[in-house]
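Residue numbers (the working numbering), protein chains in the order written: chain G, 1 to 212; chain W, 1001 to 1161.
Virtual Cβ for every residue (Gly too), placed ideally from N, Cα, C.
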Amino acid sequence: MAAARPEGIPTERLRRQVERKRERRVAHAPPAPKAVELHPNLSDPQRLQMALEHLARVGREVRERSGENELLAILGYLFGVQVGPGAPGHYDAGVQPQRPEPSEDTFERLATEDPHALAAWIAEGSLRPTLLTFAAEHMGRAADRALALKTLQPLLEHPKPYVREGALIGLGEHLGADLRERLALFIAEDPCPELRSIAAGFLEDLRERGEQ
Amino acid sequence: MTLLRVLRRVSAARIANRDEFCEAEFWSAANKGPDQQLSVYRAPATEAVRIHAEHSASAGMNPPRDGAVLNVFDGSERAHLVESPREGGYFAMTDAAHMELHFGTPEAVREYAEWVRVTLAARRTDVARHALRDYARERLAANDAEWVRFVETSPKGSSWR
């Protein structure tokens, strides 16, 4: 059963705004893009519901800190990502939506206000490594320990050492006996001695606390 | 002169690309570009442990972990050193020693970052986790008012005991 539609999401108004923007773009574009079929996801109420909830969360955050242009840009992007090509707001087949550049400030705020959005952003894989490392560090400040662990542990396998370091720092905020095995494995396998040393320090912290 | 900067990622020394290093270490969250007002501390390298401990404690590092401090003074005129004492922090010395390197353009920061990257090994003082913890415990044992206040009032204070 689909959940109730969240209140306060001006979907029709938003759709019209995005459509107007698309029309302006198309007016200046070279040849008209090939018409696309509506994505099948549009007919999936649960998928659409998730998209709307995601949009509501991110929209609130962006509206608080920036102007309408950025809000529209990110909403257009999210329509594309969440609903798929062909959705209203996914301008046309030849234009890739661009999400505004996030920053550490964004990650810091999301970690406390909407850690699920930050986790989704990290898991999505779109952040470049130099941002991902700081997103991971701030994810460690999320109060939801299970979410933080689930989000950060996969990053311990990231090819960039400084991303693995960000994940370690984040996990360092949630040290517990259940991390002991993962840290031991990291110490055994990671090629970077500085990072192995950080992990070893965390294990020592656990021993000092008596959490074997 | 010695200008100390706490390395954000100890593994940054392994970055081989100029722009990647600049983004990892010298990036401004506010401007989403190279940080043209780079935070540094004017202090001798012998104060590396203290600077790192007080910087990390103030920044809410939990728990203390291995780190490194770089001497980032290059003697050139590509940046202006501007006094920028912090107010209201836990530690008067690091607050007073805080300064900023002001750069005229993003490209100047990138060039500076590249200079730091290629000379990093010679400018680096490693600060081990146990050195940070020992320093904090020593200050607490000496009943240092700043550290006592920090561990008693900061949400992260307990991990430094």
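- Linking E1077 (chain W) to G125 (chain G) through their CA atoms gives a straight-line distance of about 40 Å.
- For V1010 (chain W), there is no enclosing beta strand (DSSP E), as DSSP marks it with neither H nor E.
- Per the DSSP secondary-structure output, P1034 (chain W) pairs in a beta bridge with W:W1027.
- Under the 8 Å criterion on CB atoms, T112 (chain G) is classed as non-interfacial with respect to chain W.
- Note that the C-beta distance between A142 (chain G) and A135 (chain G) is not below 8 Å.
- Taking 8 Å as the CB threshold, I122 (chain G) stays off the interface with chain W.
- The beta-bridge partner set that DSSP reports for T1125 (chain W) consists of W:V1069.
- The beta carbon of R1161 (chain W) lies closer than 8 Å to those of A1136, R1137, L1140 and V1151 in the same chain, with the five residues before and after it left out.
- Not one beta carbon of chain G lies nearer than 8 Å to the beta carbon of W1115 (chain W).
- The shortest CA-to-CA distance from S1011 (chain W) to any of G:F107, G:E101, G:E194 and G:G176 is the one to G:E194.
- A Cβ-Cβ contact shorter than 8 Å links F1026 (chain W) with V1109 (chain W).
- For F1103 (chain W), the three-state secondary structure derived from DSSP is strand.
- Rounded to whole angstroms, the separation of the alpha carbons of S1056 (chain W) and L1101 (chain W) is 20 Å.
- Within the same chain, K1156 and S1159 come within 8 Å of N1062 (chain W) by CB-CB distance, once the 5 residues on both sides are set aside.
- Burial is judged here by how many other beta carbons sit within 10 angstroms of a residue's own beta carbon; R164 (chain G) has at least 16 and is buried.
- Setting aside the 5 residues that flank it on each side, L179 (chain G) is surrounded in the same chain by L149, L171, F202 and L206, each with a C-beta closer than 8 Å to its C-beta; the list follows chain order.
- Excluding five sequence positions before and after R1133 (chain W), the CB atoms of its chain that fall closer than 6 Å to its own CB belong to P1064, given in chain order.
- Against chain W, the CB of S103 (chain G) has a partner CB under 8 Å away; the residue lies at that interface.
- Out of G:P159, G:G210 and G:G166, the CA that lies nearest to the CA of T151 (chain G) is found in G:G166.
- Taking 8 Å as the CB threshold, S126 (chain G) stays off the interface with chain W.
- With a cutoff of 8 Å on beta-carbon distance, V1040 (chain W) and V1069 (chain W) are scored as not near each other.
- Assignment of beta-bridge partners to R1042 (chain W) by DSSP yields W:L1003.
- Taking a C-beta distance under 8 Å as the contact criterion, V1127 (chain W) and V1049 (chain W) qualify as a contact pair.
- In this structure, W:R1018 is the residue among W:Y1090, W:R1005, W:R1018 and W:V1006 with its C-alpha nearest to the C-alpha of E1114 (chain W).
- For the C-beta of W1027 (chain W), the chain G residues within less than 9 Å are, from N- to C-terminus, S103, E104, T130, L131 and F134.
- Approximately 16 Å separates the beta-carbon atoms of E204 (chain G) and I169 (chain G); this is outside 8 Å, ruling out the contact.
- By the criterion of a C-beta distance shorter than 8 Å, A1024 (chain W) is surrounded in its chain by R1008, R1009, A1012 and I1015, once the five residues flanking it on both sides are discounted.
- Scanning its chain for C-beta atoms nearer than 7 Å, with the 5 sequence neighbours on each side dropped, one finds around D144 (chain G) the residues P115, in chain order.
- The shortest C-alpha to C-alpha distance from G1089 (chain W) to any of W:S1154, W:V1006 and W:A1079 is the one to W:S1154.
- Here H1098 (chain W) carries a strand assignment [DSSP, helix/strand/coil].
- When the five nearest sequence neighbours on each side are left out, the beta carbons in the same chain lying within less than 6 Å of the beta carbon of L132 (chain G) are those of V163, in order along the chain.
- Out of G:T106, G:L156 and G:M139, the CA that lies nearest to the CA of I198 (chain G) is found in G:L156.
- Taking 8 Å as the cut-off, the beta carbon of H1080 (chain W) is found no closer than this to the beta carbon of G1067 (chain W).
- In the structure shown, L175 (chain G) falls within a coil segment according to DSSP collapsed to helix, strand and coil.
- Judged by DSSP secondary structure, E113 (chain G) falls within the alpha helix (DSSP H) whose first and last residues are E104 to E113.
- Burial is judged here by how many other beta carbons sit within 10 angstroms of a residue's own beta carbon; M1001 (chain W) has fewer than 16 and is exposed.
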